[in-house]
Amino acid sequence: MNIQTINPKLRQISLYTSLALLSTQAFAEATLQRNENQFINIGIASRVSFSSVKDAAPNGKDRSNDFEVEEARLYTNGKVHENVSFEFNFARNSADNRVELLDGHLGLEFNNYAHVWVGRFLPAASRASAAAPMYSTTFDFPIAELGSYQFAGRDNGAVFFGTDKSEAFKYYVSATNGRQGGSNQADNLSYATRLQYNFWDTEPGFYNLASYDGKKSILSVGGSYRYQKDGAGTILNKGDSKYWNLDARLEKPLSDGAVLGAEASYYNYDNDNTGDTVLPEAKGFFVNGSYTFAEKVGIGKFQPKIIYQEFNNDTTGLDRKRVDIGVGYLIDGDSNKRIDVFYFRENRNTLPDIDGIKAIFHVAHFF
């Protein structure tokens with residue numbers, strides 16, 4: 233499978249999809265390849281930003297002005313055998329400025345129906361949590377999306393996933409460490425599942441792409457559920473941790489070359505009324521809409537977008553409502569090479585409101 237001539241945009245879509253489904257069905261050249269069953273893909277991803285927030289300077293009365301390297305990642309994945317895959321990704325942890333293991337797993341992949349990964353990965357959850365290659369369709373990560381227990385929402389464990397024959401129906405079942413120690417003195421595992429159905433074009437593999445930029449027509453609905461016995465609270469006041477979500481995604485290329493996009497997701501978290509602030513009793517949602525113009529201006533296309541989000545934390549009593557309005561500039565019409573500029577306002581019932589502007593330069597690329 234050493235194809236010498238291939239559309240570069242199709243090659244990128246194939247490589248992003250191969251983050252999950254590293255099979256001989258991939259139709260693009262790998263970064264390094266010995267044969268169709270032994271190859272490695274290498275990629276990078278980064279987000280650098282500038283933000284300015286009203287009254288957020290150290291003196292409490294001037295605007296803050298901050299440059300930030302939000303993400304810097306190195307991706308590697310591939311195969312060592314027809315049925316054996318691997319993925320090892322590394323990322324800078326902004327909390328301590330150290331490089332850490334992001335994903336690290338080995339996989340057995342027999343056919344479309346049966347894939348098993350063991351190691352560190354994203355447990356089965358919402359569509360937004362596993363949007364490849366790095367981020368969901370919101371400008372910043374959704375405020376209602378609470379990650380798992382390891383770095384960047386990952387966890388250690390095993391996951392079984394696959395599709396039906398048509399590849400329209402996709403399923404995941406995972407068992408991971410979840411919370412260790414604290415309330416979980418019996419060392420119970422965390423179990424999660426996700427089901428997804430695509431009415432139009434399919435999305436094979438573990439991850440869904442945040443956007444196909446008009447290369448596919450997507451109408452997808454999905455839902456997830458996660459449970460861990462004694463996964464919330466303290467040793468003296470323990471309870472079960474439960475989570476569920478529902479989500480939907482629409483992406484439709486129009487006849488004139490423009491692309492219409494929309495996504496919605498609802499989240500519900502239950503900590504068994506333990507008062508756990510790390511895993512709070514909470515609920516939230518986001519909805520967004522975008523329109524990518526067909527016309528190319530300079531080296532890219534403009535994509536205006538609006539996002540509305542809510543997150544109600546019943547444990548702490550903090551209710552958040554956020555609106556983002558802005559525009560993305562997609563270099564070569566590619567969402568994985570873009571500059572976003574947007575205004576955001578977040579209303580909070582027990583804390584001061586947040587009013588700011590932000591620009592993000594985002595690149596994700598496989599070589």
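Per the working numbering, residue 233 is the first one in the sequence shown, and the count goes up by one each step. Note that beta-carbon positions come from the ideal geometry of N, C-alpha and C, so glycine has one too.
Q. With a Cβ-Cβ cutoff of 8 Å, do Q382 and S422 count as a contact?
A. At least 8 Å separates the beta-carbon of Q382 from that of S422.
Q: Round the Cβ separation of F518 and Q541 to the nearest angstrom and send it over; I've been treating them as touching at under 8 Å.
A: Going by Cβ atoms, the distance from F518 to Q541 rounds to 4 Å, so yes, they are a contact pair.
Q | E300 versus R386, R324 and K311, residue with shortest Cα-Cα distance | A | Ranking the options by Cα distance to E300, first place goes to R324.
Q) By how many angstroms is the C-alpha of S358 removed from the C-alpha of F401? A) Looking at the two C-alpha atoms, the distance is approximately 15 Å.
Q: Would you kindly work out how many angstroms separate the C-alpha atoms of S449 and L478, rounded to a whole number?
A: The C-alpha of S449 lies about 20 Å from the C-alpha of L478.
Q) Do A356 and S443 have their C-beta atoms closer together than 8 Å? A) For the pair A356 and S443, the CB atoms are not nearer than the 8 Å cut-off.
Q. Based on Cα-Cα distance, which residue from T434, E332, N430 and Q428 lies nearest to R386?
A. Selection T434, E332, N430 and Q428 evaluated against R386 yields E332 as nearest (Cα-Cα).
Q.
If you reduce the DSSP assignment to three classes, tell me which class G588 lands in.
A. When DSSP states are grouped into helix, strand and coil, G588 belongs to the strand group.
Q) For T408, does the count of other Cβ atoms within 10 angstroms reach 16, so buried, or fall short, so exposed? A) Buried is the call here.
Q.
Just to confirm before moving on: does the CB-CB distance between Y523 and A496 stay below 8 Å?
A. Result no, Cβ atoms of Y523 and A496 do not sit closer than 8 Å.
Q. Can you list, in chain order, the residues of its chain whose CB lies under 7 Å from that of L264, leaving out five sequence neighbours each side?
A. Spatial neighbours of L264 in its own chain (CB-CB distance under 7 Å, excluding positions within 5 residues in sequence) are listed in chain order as F271 and I272.
(Q) Bridge partners for D556 per DSSP, in chain order? (A) DSSP, once it has assigned bridges, lists I539 and F576 as partnering D556.
**Q.** the stretch 567-584 in contact with the stretch 547-556 per 3-pair CB rule at 8 Å
**A.** Because the criterion of three Cβ pairs below 8 Å is met, the stretch 567-584 and the stretch 547-556 touch.
Q. Taking DSSP as the reference, what is the three-state secondary structure of A424?
A. In the displayed model, A424 falls within a strand according to three-state DSSP.
Q | Given G394 as reference, the closest of Y345, S368, E341 and P512 once Cα atoms are compared | A | Cα-wise, what sits closest to G394 is Y345.
Q | Cross-strand partners of A464 (DSSP beta bridge) | A | A464 pairs with G471.
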